[in-house]
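I have placed the structure first, in the form of structure tokens, so that the comments after it can refer back to it.
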Amino acid sequence: MPVMDYESREEFEALLREAYELVPEVADQAGDLVRLGQAEPLGIEEARRVLTAVAEALRDSDRAMADPRTRSALSGDLSALIDRVAAARDRLTSGEAPSVRGSTDRMQLASRENVPVGPVFPRPTFHGRQVAMNQGFVRVRDIGLWDQNERLEIHLAQFRQQEGRSPRSEELLDIMLSRLQLPGVADDQRDDQFKILDLARSIAANGVRRPPIIDLDGTLLDGNRRVAACLLILDSSEFGAEEKRRAEWVFVWQLTEHADDADRDAVVVSMNFESDNKEPWPEYIKARKVADAWQEMLEVLPRIPTQREQAQMKRELSRRFALGPDTATVSRYLKMVAWAQEFEDHHISRRDRDPYEVQHRASRYFQYFDELAKGERPGGVAYALKEDDRFRDLVFDLLFDGKFRNWRQIRDLKYVYNDEDAYDELKKAREADDIDDGQEHLDNAVSIARLRRGETRSLGANTRIEQFVSWLEDLPVSAFRDTIRPENLRKLHRALALVSKQVEAVLGGSGD
Amino acid sequence: MADEVPVQEGSALVGDALRAAAEAVAAGDAWGAVEALWASPVLDGMVRRVRQRWPWLPDDDVDRAVGEAFDAFHAAVLAGETIRHPVHWLAQTVRNRAAQIMRDRAREVPQDPGRLGAIAHGGEPELVLAAEERRARAVAHARRLLPRLGQANVQAVMEVVIDAVDRQVPSLSVVDIAQALGQSQQSVKVWYWRGFDRLARLAAEEGLAAEDFRLEHADDEDQEEE
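Sequences listed follow chains A and B, in order. With the working numbering as the guide, the letters of the first sequence map in order to residues 27 to 538. With the working numbering as the guide, the letters of the second sequence map in order to residues 6 to 231.
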């Protein structure tokens, strides 16, 4: 019996699944894809990106551009085209989907992430009154912001005075995001009066942790800021695909059909007027608590837990620390804390810095460790940092000195690491005494690496063709008769015929 | 390719979108097909599926895989290839392209002077080789188990399938297998299920797969009819 390590077993299982899914009549992959796409449709930014990638691939293809309709569509302003196509589906889907809101409609809750729709138990109390609730998930875009929110009373009155009507849902969002400027708002509050951006960043990292409360028809009774923050995540380029996915669906509590106005009032008063007087802990502190608990669990085990046991342990931790129905936050915290500890060790042991000063920095930049922990496979940030101590030290020094402008620059480190010139700029960023100079060098490093990466991709075709031609010329003639399957010969013939036309078009009739 | 559109259930919008996409590609209009398909959730599903399988793959590589798959799809149609199940073909090609991009990216490393340090310390190239070696060994194990699958017809079907997955064929219809082996489609379907059931069981017995490993049957009741 062969002895298989974990990765080899995974590979074999993957092979079997791939083989099984190869036959469409059996695997029903098309149906699965449709269901998956319906359950988790692409956000608008994701959609634009994917459509752009498809358009660019086709635009680079002489074959596709030979068709006059495709050429006509893709020759102009790609960005405008993508906007038009993306908007077309919005219209289609909004035309097809039944209305989810309205005075007589009930907003349906959905089960997700192994959390079934069901009653909230024990029954929650609002303003001294027990109110029956159901729990489940709804799509954030299906929830309308609450236009009776006292928080917005002045803004809403101003809007009505100016426009002679109540704001539509998207205008309410603009007000909450301070995109719609109204007279009288203090200068220092014009950028983000309701602090939605900070909340969005928190939600992007952790998901929505306190369920918004909706009425039976989806009217939002509590959670305007959380929903606005989710909508901001979905629409803003600051947030990546994973964060957008996290914000697309939100876990909510919903009043039941037995609720009366007294129940609604109790919820609104309790959630919007009564403060819970909590000042949240810094995430760094919370994550360390989770990591400490994880260590305690590991220490009492007789052996290293299996993957399945680890998943179960993480579920327990997630429950214990009220981190939501899945273990994503626990896993993320554990990785972040591991990187934060590396950061602290480096600065305390090797740079001889004060431990408390280092911990303050680790706390301040804690979200950055989330990005550092990503990409453990070749080509990823975490992989590069683990592979090369000097690179890791360099990044830790830059982080301590505050020379990263934002966490997105961490993502680009994987490209910087693979580019000598960009790497040199990174070193200059560390050497710079002035933070602004350092940030400028770091910007340069990222720009160089991105530019070079684009060039490398286009150069890849030449390398591959050279290798293939060399291999083909070395192949014995008998291989065409004895070794290569007829279907592959036909494919090769088709490809060469296709290429031949392109070569003649570019080089002229001789092909020389 | 417009003759068979596999997704019949669900929204009429899906079926209409697939038909419109098929017609556009058949007419040579690649972008028209994309626009038509965009009206359905198929493109969303393809992206989500790749991200589920390889969550570490950067977004722009996933997007690139989708883009290249569409180009390949268009090329295959123009080349006269029979694509019986376009959605399945596209999804499998997106997956194969994503896997290929990962391998290509890893292979680019040795050409980069900045990575020489890592290579000297036993870094990426070895890992890539290990991954490819693991894959080759998995295929070899699957081939080794074929004679133990029982009935000769079951072995023949499974040999075709394992060969196809090894060659990264995007899609293999029951019709194709039936024609290749000169058998009826219903028989091929049954042998296919039996073959995978036995292969999965043997794999678990030999420790090649987890004890509780199983493949989800999309249409179990058909198996009972045999």
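Note that CB positions come from ideal geometry on N, CA and C, so glycine has one too. The structure presented is a predicted model; accordingly, all values stated were derived computationally and were not measured.
Alpha carbon of residue i to alpha carbon of residue j, nearest angstrom
| i | j | result |
| --- | --- | --- |
| residue 457 of chain A | residue 72 of chain A | 38 Å |
| residue 612 of chain A | residue 62 of chain B | Here chain A comprises residues numbered 27 to 538, so residue 612 of chain A is not present and cannot be evaluated. |
| residue 321 of chain A | residue 371 of chain A | 18 Å |
| residue 27 of chain B | residue 95 of chain B | 12 Å |
| residue 104 of chain A | residue 478 of chain A | 23 Å |
| residue 440 of chain A | residue 406 of chain A | 6 Å |
| residue 23 of chain B | residue 41 of chain B | 7 Å |
| residue 213 of chain B | residue 41 of chain A | 11 Å |
| residue 175 of chain B | residue 74 of chain A | 26 Å |
| residue 159 of chain B | residue 189 of chain B | 13 Å |
| residue 144 of chain B | residue 55 of chain B | 22 Å |
| residue 416 of chain A | residue 447 of chain A | 16 Å |
| residue 34 of chain B | residue 43 of chain B | 14 Å |
| residue 119 of chain B | residue 102 of chain B | Low confidence applies to residue 119 of chain B: its pLDDT is 46, below 50, so where it sits in the model is not reliable enough to give any reading. |
| residue 43 of chain A | residue 142 of chain B | 16 Å |
| residue 80 of chain A | residue 73 of chain B | 7 Å |
| residue 247 of chain A | residue 156 of chain A | 16 Å |
| residue 25 of chain A | residue 398 of chain A | Absent from the structure is residue 25 of chain A, since the part of chain A shown begins at 27 and ends at 538. |
| residue 148 of chain A | residue 142 of chain A | 16 Å |
| residue 332 of chain A | residue 353 of chain A | 16 Å |
| residue 170 of chain A | residue 53 of chain B | 26 Å |
| residue 238 of chain A | residue 101 of chain A | 46 Å |
| residue 356 of chain A | residue 313 of chain A | 8 Å |
| residue 517 of chain A | residue 511 of chain A | 10 Å |
Per-residue DSSP class, three states only, for residue i
| i | result |
| --- | --- |
| residue 64 of chain B | helix |
| residue 489 of chain A | helix |
| residue 247 of chain A | strand |
| residue 129 of chain B | Confidence at residue 129 of chain B is low in this model, with a pLDDT of 45, below 50, so its placement is unreliable and the value that follows should be read with caution. Looking at residue 129 of chain B - three-state DSSP - the assignment turns out to be helix. |
| residue 136 of chain A | strand |
| residue 276 of chain A | strand |
| residue 237 of chain A | coil |
| residue 242 of chain A | coil |
| residue 188 of chain A | helix |
| residue 281 of chain A | strand |
| residue 155 of chain A | strand |
| residue 49 of chain A | coil |
| residue 174 of chain B | coil |
| residue 141 of chain A | strand |
| residue 595 of chain A | One cannot answer for residue 595 of chain A here, as it falls past the ends of chain A, which runs 27 to 538. |
| residue 402 of chain A | coil |
| residue 98 of chain B | helix |
| residue 413 of chain A | helix |
| residue 219 of chain B | coil |
Extent of the continuous alpha helix (DSSP H) run through residue i
| i | result |
| --- | --- |
| residue 376 of chain A | Where residue 376 of chain A is concerned, there is no enclosing alpha helix (DSSP H), given that its DSSP letter is neither H nor E. |
| residue 2 of chain B | The question about residue 2 of chain B has no answer, for chain B in this structure spans 6 to 231. |
| residue 427 of chain A | Segment: none, residue 427 of chain A is in no alpha helix (DSSP H) and carries neither H nor E. |
| residue 193 of chain B | 190 to 210 |
| residue 37 of chain B | 35 to 43 |
| residue 358 of chain A | 354 to 371 |
| residue 389 of chain A | 381 to 390 |
| residue 168 of chain B | 157 to 171 |
| residue 85 of chain A | 70 to 85 |
| residue 515 of chain A | 512 to 533 |
| residue 450 of chain A | 446 to 457 |
Element boundaries [beta strand (DSSP E), containing residue i]
| i | result |
| --- | --- |
| residue 433 of chain A | Unbroken run through residue 433 of chain A: none, as it is neither H nor E. |
| residue 439 of chain A | Element bounds for residue 439 of chain A: not the beta strand (DSSP E) but the alpha helix (DSSP H), 439 to 443. |
| residue 165 of chain A | 159 to 165 |
By the 8 Å beta-carbon criterion, what residues does the stretch 55 to 68 of chain A contribute toward chain B? So the list reads 55, 56, 57, 58, 59, 60, 61, 62, 63, 64, 66, 67, 68, given in the order they occur along the chain.
Return the residues of the stretch 51 to 63 of chain B that lie within a Cβ-Cβ distance of less than 7 Å from chain A, sorted by chain order. Cβ contacts with chain A come from 51, 52, 53, 54, 61.
Mind listing which residues of the stretch 210 to 221 of chain B have their C-beta closer than 9 Å to chain A's C-betas, in chain order? Result list: 210, 211, 212, 213, 214, 215, 218, 220, 221.
Residues of the stretch 30 to 47 of chain A with a CB closer than 7 Å to any CB of chain B: list them in chain order, please. Of all residues in the stretch 30 to 47 of chain A, only 30, 33, 34, 35, 37, 38, 39, 41, 42, 43, 44, 45, 46 place a beta-carbon less than 7 Å from a beta-carbon of chain B.
Contact set between the stretch 177 to 188 of chain B and chain A, restricted to residues whose Cβ is under 7 Å from the partner: Per Cβ criterion, the list reads 177, 178, 179.
Selection of the stretch 142 to 162 of chain B by Cβ proximity to chain A, strictly under 8 Å: Result list: 142, 143, 144, 146, 147.
Taking only beta carbons into account, state which residues of the stretch 61 to 91 of chain B come closer than 7 Å to chain A, listed in chain order. Answer set for the stretch 61 to 91 of chain B: 61, 64, 68, 69, 71, 72, 73, 75, 76, 79, 80, 83, 84, 90.
What residues in the stretch 149 to 170 of chain A bring their beta carbon closer than 9 Å to a beta carbon of chain B? Within the stretch 149 to 170 of chain A, no residue has a Cβ lying closer than 9 Å to any Cβ of chain B.
Going along the chain, which residues of the stretch 40 to 51 of chain B sit with their C-beta nearer than 8 Å to a C-beta in chain A? Considering only beta carbons, the part of the stretch 40 to 51 of chain B lying closer than 8 Å to chain A consists of 40, 43, 44, 45, 46, 47, 48, 49, 50, 51, in chain order.
Members of the stretch 369 to 396 of chain A that neighbour chain B once the beta carbon cut-off is set at 7 Å: Per Cβ criterion, the list is empty.
Short of 7 Å Cβ to Cβ, which residues in the stretch 89 to 109 of chain A face chain B? Cβ contacts with chain B: 89, 90, 93, 95, 96, 99, 100.
With 8 Å as the C-beta to C-beta threshold (strictly closer), list the residues of the stretch 330 to 345 of chain A near chain B in chain order. Under the 8 Å Cβ criterion, the stretch 330 to 345 of chain A contributes no residue.
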